[in-house]
Amino acid sequence: MSSLKTTHRWAVAQQNPELEKELSAGLGIPGLVARIMVAHGITSIEEGQLFLTPSLDRDWADPLIIPGMSVVADRVERAICNHEHIAVFGDFDVDGITSTCLLTEALRTFGADVTPFIPHRFDEGYGLSRAALDRVNELARPQLIVTVDNGIAAKEEVSYLESLGIDLVVTDHHEPSDQVPQGVPLTDPKLEDEGPSRELAGAGVALKLVQVLGERLGKPSYWRSLIEVAALGTVSDMMPLTPENRALVAEGIQQMRVTARPGYIALAALAKADLSTITADGLSFSLIPRLNAAGRMADPKLALDLLLARDPIEASALAAELEEINRQRREIEAELTRDAMAKVEETYDGGRAIVVGGEGWHEGVKGIVASRLTNRYHVPALLFSIEDGIARGSGRSVGKVNLFDAVERCSDLLIRRGGHAGAVGVTIEASKLDEFRRRLSAVLSELSAEDFEDTDEVAATVDLSELNIETIEQISRLEPFGQGNKVPLLAAEGVTMCDRAVVGKTGEHMRFVATDGAASVPAIMFRVPQIDKLINCDSAVDLVFEAVAEHWQGRVKPKLMIKDVLVRDTTLPSVDDPACELRRGVQPADSGLRLESRKRETLAQLSYTELTRSLIHSFIGSNQPHRAQVEALDALADHQSVLAVMGTGRGKSLIFHVHAAREAVLRGRASIFVYPLRALVADQAYHLSSTMAALGIGVGVLTGETVEAARDDVFAGLASGRTGIVLTTPEFLSIHRDRFARSGRIGFVVIDEAHHAGLAKGGDRSAHLDMPDILKALGDPVVMAATATATAPVVAELARMLPITRTVVDETVRENLQLEDDRDLASRENRLVSIVATGEKTVIYVNSRDQSVALAKTLRKRVPDCATHIAFYNAGLARSDRRRVEEAFRDGSLSCIVSTSAFGEGVNLPDIRHVVLYHMPFGAIEFNQMSGRAGRDGQPAVIHLLYSSRDARINERLLDCYAPERDELVTLYRALQTMWRSNRGKTGDDSFSASDIDIAQMCLAIDARTPVDERSVESGLGIFEELGFCRVSGFDDTRRIAMAENPGRVQLSRSIRYLEGLRSRMEFSAFRSWALDSCASDMLAKVNRPIVPRA
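By my numbering, the letter at position 430 of the sequence shown is numbered 454, and the numbering carries on one by one without gaps.
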């Protein structure tokens, strides 16, 4: 199995997005239509305008430029004037029949005595055979025979006609050979290598002759009344739609839509074809196969009589007869297909050719059935009809296989052969069929597998959302379709087939709804290969299809006529990688890291400027910092406090990372990084600790969740010089400012996401209001405030609160980012599948470790060709495994990461093409940081919003658990006291053991009006322990809880954990409505550009 990108069956036409935009704007057409025109080879608006407006007046060439046309017209004109009896000699296919019809009608109109004649396929064969000539001579006693759609190879027949006293005029359109008749008037556009009329069908050449004769005989415009007949012949013969043929067919279709021809009207009615909306492509499924049936199954004169009929009653009778013949043709074709398939299944050994034959197999449909065999088995197939020991066969090829050349190498076995690369006719003794099969297979075995791949063109890949009725109907502006301008096949990659069902009496067809999660379009596929497999396919597929507007019961809706379903490789990985199993044993980030003293000592020998350059290189490699980063670093080096205003993803953190490192290395000063949210501290700490450890700088974390022993360790490291950077929250810093100050080493304080501090005056962040006092306690260190949102009120408040002396602004807008708004989709999983199926680097953010694992497994199943390139990532992975995932993603071994917010922070990953917010972030900061990780290399990238309002409710419940309300904490405290006292009374122990569930149930028993979720129990215990209400030891089943006997009254605001949790709830509450209700453009602006202060 393969995808559109790897298959040999389809080649996607090269696209030119800039030209597409130009054509779309200049021609007033949808982008998809312009894309198809680019695929067709249109290179300018002028070319496009000509293509969209085919015109006979402009594109129909002078008939006399066709070699021999003037001489042919001379002879036919003389016959008309001399009242000679003329026989128009055609062919039994639709081109030959329409050529015969239009020339017969024209000659009669011009006053000639005419008999139309078409040879029988089986008794007389193609062209001017002796049997056919004898019959036409007996039937009409003509003085002149004018061929249409044949005769260019009738060199041998000229002398026989001369013996009969019959003159010959040849009009044809086939390639000339050494059998071109000599000494007779003939015209054929292929007698010259070039010319605008070279690709005319036989009917087109006949129409040119009519035009010349009309001009000479006083009816110069008469030929136009026959355009609809010539157009039918042109379409049926699959002639390239050169400008001349395109104009002819376009005008012919317009005539057909208002035709008065009884034959057309009667046949269309039986075919259930609406002539008022008929298209060139529609002719191939309505009129043409019925007209061809006459030549295949019976007397082609029946089809000719229908086209010539002027009486509607007669036409209806002839059409009914033709319809019956076509019905018989379908039955015989179906029966022969069954018989041939059965025989193939018995005899086919998997070789490079199928050769199969049977007694009495119908001559008229064996070519069609051979094509069916070829399509099913993807090897050349030859189907023989055997009679009296002689097998006459028709063969069809595949891919690039030249079947004629292969058959030629077996010529010693054959009686006759003919044809071309794609189709052959073979006559052989039936007894030699087995040997012929072996020989032909051996010859074809010399070819490569790629030679057998049929490669057709896909005009354009599309998003399903593009396939609306307006666009599909606009595609019709590219009509007429045919050779050289085929009905455009489109492709949609990475879609899901929903609501699959087998339809049809034989169970060969399948209908489904194609969806990429964002858009859905009904689809149907006929004669589905391996239908049992496809009907059970849940994975992503690539579809190749024709898009149509389906009219049903007065409604119009898009529909996909599926030509191919490419099921992606289902090889599942057997991978020993960190994505296969969730590992535990995360190294705590808040205990500090061992210093690499040698590295630090080496750096300490550098000058300040040299160290700055070295640190920048260690953080961002060979990339260069931009102007604003350099300006801010220079200002900080000059002991200026800086407000840095830069958009998300523009490298604010590089500035304070570099400055903190150089302060630690050269001056022994410590830095405090203040983040507004506890969760943000955890995400930042992981990678920062690794990065700084390589420089010999220790990193510590201090938040409300940091246990007492770890807090003591970090403060000890800060005092001793072992810790150079501490990450914390405003609440922790405010309450513990004195412990920080006692180290005497704080030289740099960073307020990240500083707009939160700037809004503190409005009650948004009370701990920030303490910042002037905190900085004074710390000894007035240098400060950097960093934000992407510097409104005038925010800047004013920051200037009041912080000692800012320099403002650095980077106004860069990240124009490469797009935002795709798919909030509240019915099936976001299907949308995600389509995104991942692109194979481009994708990071998917979810809100829990379990979800990262589960979704990664789902994607591996549903996008199997990408399975080995999909991994999950979360804080539950060991440090070494996280590093492996990061490196694999960086070097392209992995293309998709399903992660919690832990992924991406502090990792230099510039080439992320898709960031997917699968679940709603917990706040604006998280939203900005996740989204901003897309496209940092400046190349196009997309932010996909897949979260829903349901996510908001889940987030609120989670946050409620992490920061219980005061009433819940009261109930929890009463429950703990009750359980502690009860246990002490029974056992005498000063501590008790209870699970979270046990405690939650006790809460319910105490106060059913204020239920406490079991997940809230752990958070509540942490708050109580911090406030001195209890002591907790051990974990899980070994956990013991001891309550304080008389703790006294303590304000909840003294609990950092409680304040941080409360802040997270407030942050999400403010973010929630914005995240659900804002328009896409406003949300993109939040990510791709800063809000800068204005004078």
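Idealized CB from N, CA, C, for every residue including glycine.
Segment contact: the stretch 68–81 against the stretch 45–58, three or more CB-CB distances shorter than 8 Å; contact assigned. Comparing C-alpha distances from residue 363 to each of 353, 383, 344, 345 shows the shortest one belongs to 383. Here residue 545 is actually not in contact with residue 534; their C-beta atoms are around 15 Å apart, not less than 8 Å. When secondary structure is reduced to three states using DSSP, residue 389 falls in the coil class, being assigned neither helix nor strand. The three-state secondary structure of residue 197, taken from DSSP, is coil.
At the C-beta level, residue 671 and residue 834 come within 9 Å of one another.
In the structure shown, the three-state DSSP call for residue 266 is coil. For residue 210, the beta-bridge partners assigned by DSSP are 194. Looking at the backbone, the Cα of residue 366 and that of residue 354 are separated by about 18 Å. As the crow flies, the alpha-carbon of residue 395 is around 27 Å from that of residue 525. DSSP places residue 378 inside the beta strand (DSSP E), whose first and last residues are 378–383. Inter-residue distance for residue 548 and residue 585 is about 6 Å (C-alpha atoms, whole angstroms). Of the candidates 927, 1085, 1049, 1062, 1049 places its Cα closest to the Cα of residue 1074. A straight line joining the alpha-carbon of residue 780 with that of residue 743 spans about 29 Å. Approximately 11 Å separates the beta-carbon atoms of residue 1042 and residue 1024; this is outside 8 Å, ruling out the contact. The C-alpha of residue 900 is placed about 28 Å away from the C-alpha of residue 1054.
Within 10 angstroms of the beta-carbon of residue 554 lie fewer than 16 other beta-carbons, which makes it exposed.
Ranked by Cα distance from residue 391, the first of 358, 276, 430 is 358. In the displayed model, residue 113 falls within a strand according to three-state DSSP. Runs of the alpha helix (DSSP H) lying entirely within the stretch 464–543 and spanning at least 4 residues, in chain order: 493–499. Here residue 107 carries a coil assignment [DSSP, helix/strand/coil]. A direct Cα-Cα distance of roughly 13 Å separates residue 253 from residue 333. Partner residues in the beta bridge of residue 845, as assigned by DSSP, are 969.
In the assembly as shown, residue 804 is an exposed residue. Its beta-carbon has fewer than 16 other beta-carbons within 10 Å. Closest in alpha carbon position to residue 243, among 312, 169, 133, 166, is 133. Each of 952, 209, 140 was checked against the Cα of residue 91, and the nearest Cα belongs to 209. The alpha-carbon separation between residue 479 and residue 423 amounts to approximately 6 Å. One thing to note: residue 830 has its Cβ within 9 Å of the Cβ of residue 664.
In this structure, residue 489 lies near residue 543, with their beta-carbon atoms less than 9 Å apart.
Spanning the alpha carbons of residue 122 and residue 324 requires a straight line of approximately 11 Å. Contact fails between the stretch 404–417 and the stretch 343–352, because fewer than three Cβ pairs, one in each stretch, are under 8 Å apart. For residue 1055, no alpha helix (DSSP H) run applies; the uninterrupted beta strand (DSSP E) run containing it begins and ends at 1054–1057, by DSSP. Taking a cut-off of 8 Å on C-beta distances, the stretch 836–849 does not touch the stretch 798–817, as fewer than three cross pairs fall below it.
With a threshold of 16 other beta carbon atoms within 10 Å, residue 942 meets it and is buried. Comparing C-alpha distances from residue 316 to each of 145, 860, 151, 135 shows the shortest one belongs to 145.
Spatial neighbours of residue 873 in its own chain (CB-CB distance under 8 Å, excluding positions within 5 residues in sequence) are listed in chain order as 606, 898, 899, 900, 924.
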